[in-house]
Amino acid sequence: MAQIPNLDNAPLNLKSIREQSQRDLVNILKNIRGKKCLVIDPKLSGSLSLIVPTSTLKEYGIELRLLSAEPVQTDCAKVVYFVGPQFISMRFISSHVHDDASKGLQREYFLYFVPRRSVACEKILEEEKVHNLMTIGEYPLYMVPLDEDVLSFELDLAHKEWQVDGDASSQWHIAKAIHKLEFTFGLIPNVRAKGKASVRVAEILNRMQTEEPVSLSDMNIPEINTLVLIDREVDMVTPMCSQLTYEGLVDEFLRINNGSVELDASIMGAQQQDGKKMKVPLNSSDKLFKEIRDLNFEVVVQVLRQKATSMKQDYTEVTTMSQTVSELKDFVKKLNSLPEMTRHINLAQHLSTFTSKPSFLGQLDMEHTIIEAQSYDICFEYIEEMIHKQEPLNKVLRLLILFSVTNSGLPKKQFDYLRRELLHSYGFEHMATLNNLEKAGLFKKQETKSNWQLVKRALQLVEDTDTANPNDISYVFSGYAPLSIRLVQNAIRSGWRPMEEILKLLPGPHYETKRGGFSSSPSFDMSQGLSSSIDKVGDGRRSLVLVVFVGGVTFAEISALRFLSAQEGMAYDVIVGTTKIISGNSLAETFSENLG
Numbered sequence: 005m006a007q008i009p010n011l012d013n014a015p016l017n018l019k020s021i022r023e024q025s026q027r028d029l030v031n032i033l034k035n036i037r038g039k040k041c042l043v044i045d046p047k048l049s050g051s052l053s054l055i056v057p058t059s060t061l062k063e064y065g066i067e068l069r070l071l072s073a074e075p076v077q078t079d080c081a082k083v084v085y086f087v088g089p090q091f092i093s094m095r096f097i098s099s100h101v102h103d104d105a106s107k108g109l110q111r112e113y114f115l116y117f118v119p120r121r122s123v124a125c126e127k128i129l130e131e132e133k134v135h136n137l138m139t140i141g142e143y144p145l146y147m148v149p150l151d152e153d154v155l156s157f158e159l160d161l162a163h164k165e166w167q168v169d170g171d172a173s174s175q176w177h178i179a180k181a182i183h184k185l186e187f188t189f190g191l192i193p194n195v196r197a198k199g200k201a202s203v204r205v206a207e208i209l210n211r212m213q214t215e216e217p218v219s220l221s222d223m224n225i226p227e228i229n230t231l232v233l234i235d236r237e238v239d240m241v242t243p244m245c246s247q248l249t250y251e252g253l254v255d256e257f258l259r260i261n262n263g264s265v266e267l268d269a270s271i272m273g274a275q276q277q278d279g280k281k282m283k284v285p286l287n288s289s290d291k292l293f294k295e296i297r298d299l300n301f302e303v304v305v306q307v308l309r310q311k312a313t314s315m316k317q318d319y320t321e322v323t324t325m326s327q328t329v330s331e332l333k334d335f336v337k338k339l340n341s342l343p344e345m346t347r348h349i350n351l352a353q354h355l356s357t358f359t360s361k362p363s364f365l366g367q368l369d370m371e372h373t374i375i376e377a378q379s380y381d382i383c384f385e386y387i388e389e390m391i392h393k394q395e396p397l398n399k400v401l402r403l404l405i406l407f408s409v410t411n412s413g414l415p416k417k418q419f420d421y422l423r424r425e426l427l428h429s430y431g432f433e434h435m436a437t438l439n440n441l442e443k444a445g446l447f448k449k450q451e452t453k454s455n456w457q458l459v460k461r462a463l464q465l466v467e468d469t470d471t472a473n474p475n476d477i478s479y480v481f482s483g484y485a486p487l488s489i490r491l492v493q494n495a496i497r498s499g500w501r502p503m504e505e506i507l508k509l510l511p512g513p514h515y516e517t518k519r520g521g522f523s524s525s526p527s528f529d530m531s532q533g534l535s536s537s538i539d540k541v542g543d544g545r546r547s548l549v550l551v552v553f554v555g556g557v558t559f560a561e562i563s564a565l566r567f568l569s570a571q572e573g574m575a576y577d578v579i580v581g582t583t584k585i586i587s588g589n590s591l592a593e594t595f596s597e598n599l600g
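In this text, residue positions in the sequence shown follow this note's numbering: the first is 5, and each later residue adds one.
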């Protein structure tokens with residue numbers, strides 16, 4: 005099955021974005037004549053593989069290497085580097101050039117920054133006396149389509165860099181990506197943002213429109229009607245909860261990277277594959293995955309069982325009764341879906357080994373208890389016991405962050421106690437990690453009374469719903485409706501104005517504006533939200549909302565948005581933009597830093 009997702013059914017022409025990136029890359033490589041060795045920053049290799057398959061690169065006679073401290077082993081006279089603007093990469097490249105010089109190797113060097121050149125990085129190359137030996141350019145890859153309705157800006161550390169280091173460069177990158185979309189699909193007339201970083205992105209976007217305007221006259225009605233920007237900082241509760249959708253759980257336990265998961269071949273039913281790994285692609289090109297990815301995992305198991313039973317019955321009928329040719333044809337058609345069925349039955353069975361563990365079920369109970377915010381002492385003692393048992397640090401930090409955020413921090417005495425116990429239990433080298441979490445306001449001393457109860461009630465975050473037949477987005481966490489998506493729901497339905505008071509209870513400012521020449525048109529009235537007269541774009545398509553998460557989004561939140569979009573009476577399609585797909589584990593890891 006295709007590793008690169010098929011984007012034919014995307015609500016926006018994401019294929020054109022991918023094809024433009026492909027052309028840009030191929031043109032760079034074509035212009036460097038002869039045999040060449042392409043050295044890719046490991047962080048970029050996944051993103052590039054979603055733009056151009058490795059096989060295509062090899063057709064151009066290109067050798068592929070991953071950038072590391074080790075010298076590049078190749079017979080090619082031309083070495084082409086594709087790297088993000090990181091200091092460590094500059095050091096590696098400089099050492100490669102010096103190493104080649106010491107061996108008397110004559111090579112031509114090309115360096116392409118992704119997505120743009122960096123003065124600070126080029127300064128390092130000058131200091132290392134290799135700058136003048138390089139042809140330097142940039143490859144403007146600002147976003148990668150991960151699937152039909154998901155765009156990633158591939159900024160793994162955006163949240164930590166902004167919250168801990170005060171580095172706002174990712175905000176410019178996000179605004180640039182959105183502005184590039186506007187050049188293709190028209191100026192987005194409605195913008196709503198919540199959170200400090202999101203408001204800054206909206207402001208940068210407006211500045212870009214002033215400096216480099218998207219012409220309104222060339223465009224008809226813009227394809228994207230509304231942009232909603234949500235800061236991860238506004239809702240740190242959701243990513244710390246265990247996702248209970250199929251795709252979310254696969255990510256929690258097996259880690260999805262660039263749309264695929266790597267597993268032991270034996271798990272997927274391969275014979276005699278001792279320790280061999282295989283990549284399983286997970287995107288909407290897989291019809292069965294598209295059908296089950298957003299369901300609660302309990303339901304997925306039932307769906308797979310029903311499909312398997314039905315196939316077994318069909319098989320029995322084919323072997324015991326005489327069938328017409330068209331009936332046989334239908335059966336063969338069903339057989340075509342057998343590899344997908346087998347794949348997901350194996351995957352679901354493997355997931356069940358994790359989800360049935362008492363430790364996981366206990367953790368889920370505790371998450372719900374913390375969210376209910378009724379039993380402070382029980383939660384405190386549970387976390388204390390986890391620390392004493394030396395449970396995996398990341399697991400402890402997730403619950404600790406959830407506990408601290410819902411309580412607006414812990415009283416000084418208990419904060420100091422848990423901090424001390426963590427360092428005793430896991431080692432003092434984790435002090436930097438705890439400092440980072442404190443700086444980001446995720447594990448801190450309590451300074452003000454928590455308003456979590458107010459927010460939870462006002463936005464109806466704890467809602468019982470039937471996971472098999474849900475009527476609310478809370479099904480993605482079996483009873484907790486993600487705060488971020490409740491905000492998006494309101495932003496689309498009625499704008500920020502009716503919920504000003506609730507927004508003030510959450511971190512960061514909020515912002516709402518109308519852009520371009522649409523303010524005179526009554527159908528774009530913000531107070532009506534996405535009013536009925538713009539439910540359809542001119543040619544009968546549904547209107548489109550771009551929801552951008554600054555600091556990352558979980559698969560469960562994306563599932564909740566898809567659920568909303570599929571509801572009757574919802575007259576819009578949603579496309580998600582994110583700095584990166586995250587889970588509680590990967591987000592907590594970005595804050596970890598070992599002393600020494």
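Cβ atoms here follow ideal geometry from the backbone N, Cα and C, with glycine treated the same way.
How many Å lie between valine 480 and phenylalanine 595 at the Cα?
26 Å
Pull up the distance between the alpha-carbon of arginine 22 and that of leucine 61, whole angstroms please.
16 Å
Figure out for me which residue from Val557, Gly588 and Ser569 has the closest Cα to the Cα of leucine 155.
Val557
Could you tell me which uninterrupted alpha helix (DSSP H) segments, each at least 4 residues in length, are contained entirely in the segment 233 to 306, listed from first to last along the chain?
241 to 244, 250 to 258 and 291 to 296
Whole angstroms is fine: what's the gap from leucine 574's alpha carbon to isoleucine 225's?
The residue asked about is misnamed: residue 574 is methionine in this sequence, not leucine. Cα to Cα, methionine 574 sits roughly 20 Å from isoleucine 225.
DSSP three-state assignment for proline 526, whether helix, strand or coil:
Here the model assigns proline 526 a pLDDT of 32, short of 50, so the residue's position is not dependable, and the following value carries that caveat. Here proline 526 sits in helix by DSSP.
May I ask you to verify whether the segment 203 to 221 touches the segment 249 to 260, counting CB pairs closer than 8 Å and requiring at least 3?
no
Give me the Cα-Cα distance between glutamate 67 and leucine 161, rounded to the nearest whole angstrom.
29 Å
How far does the beta strand (DSSP E) with methionine 138 in it reach, from first residue to last?
138 to 142
If we call anything under 9 Å between Cβ atoms a contact, is methionine 370 one with glycine 588?
no
Who are the near neighbours of lysine 508 in its chain, counting only those whose CB is closer than 8 Å to its CB and skipping five residues on each side?
none
Does the segment 269 to 279 come close enough to the segment 577 to 585 that 3 or more CB-CB pairs lie under 8 Å?
no
Within the segment 378 to 440, note down every full alpha helix (DSSP H) run reaching 4 residues or more, in order along the chain.
380 to 392, 397 to 410 and 416 to 430
Just the C-alpha distance for asparagine 13 and glutamate 152, rounded to the nearest angstrom, thanks.
6 Å
Just checking my contact of phenylalanine 96 with alanine 73 at CB under 8 Å: how many whole Å lie between their CB atoms?
6 Å
Rounded separation between threonine 373 and aspartate 381 - CA only:
11 Å
Arginine 204 burial status per 10 Å Cβ neighbour count (16 or more: buried):
buried
Classify phenylalanine 358: buried if its beta carbon has 16 or more other beta carbons within 10 angstroms, exposed otherwise.
exposed
Would you call aspartate 298 buried or exposed, if buried means 16 or more other Cβ atoms sit within 10 Å of its Cβ?
buried
For the beta strand (DSSP E) containing isoleucine 562, name the first residue and the last one.
Premise fails: isoleucine 562 lies in the alpha helix (DSSP H), 559 to 570, not in any beta strand (DSSP E).
Thinking just about the alpha-carbon of each residue, which of Leu18, Ser51 and Ile182 is nearest to the one in leucine 191?
Ile182
Whose C-alpha, out of Gly199, Ser98, Glu165 and Glu186, is nearest the C-alpha of cysteine 125?
Ser98
First through last residue of the beta strand (DSSP E) which encompasses threonine 517
514 to 518
Candidates Glu215, Ser202 and Ala352: which alpha carbon is nearest glycine 512's?
Ser202
Let me know the secondary structure DSSP gives valine 578 once reduced to three states.
strand
Less than 6 Å between C-beta atoms, sequence neighbours within five positions excluded: which residues of the same chain meet that for leucine 42?
Ile66, Leu68 and Val84
What number of angstroms, rounded off, separates the C-alpha of isoleucine 44 from the C-alpha of glutamate 237?
32 Å
Supposed close pair isoleucine 496, threonine 230 - CB separation, criterion 8 Å
7 Å
Please report the distance separating the alpha-carbon of valine 551 from that of serine 330.
45 Å
Burial state of threonine 410, where buried means 16 or more other Cβ atoms lie within 10 Å
buried
In DSSP terms, what lysine 40 is bridged to:
Ile66 and Lys82
Simplified DSSP state of valine 203, which is helix, strand or coil
helix
Who are the near neighbours of arginine 121 in its chain, counting only those whose CB is closer than 6 Å to its CB and skipping five residues on each side?
Glu142
Please report the straight-line C-alpha distance between lysine 449 and leucine 397, rounded to a whole angstrom.
20 Å
Taking the alpha carbon of methionine 212 as the reference point, which residue from Val195, Leu185 and Lys180 has its own alpha carbon closest?
Lys180
DSSP three-state call for alanine 162: helix, strand or coil?
helix
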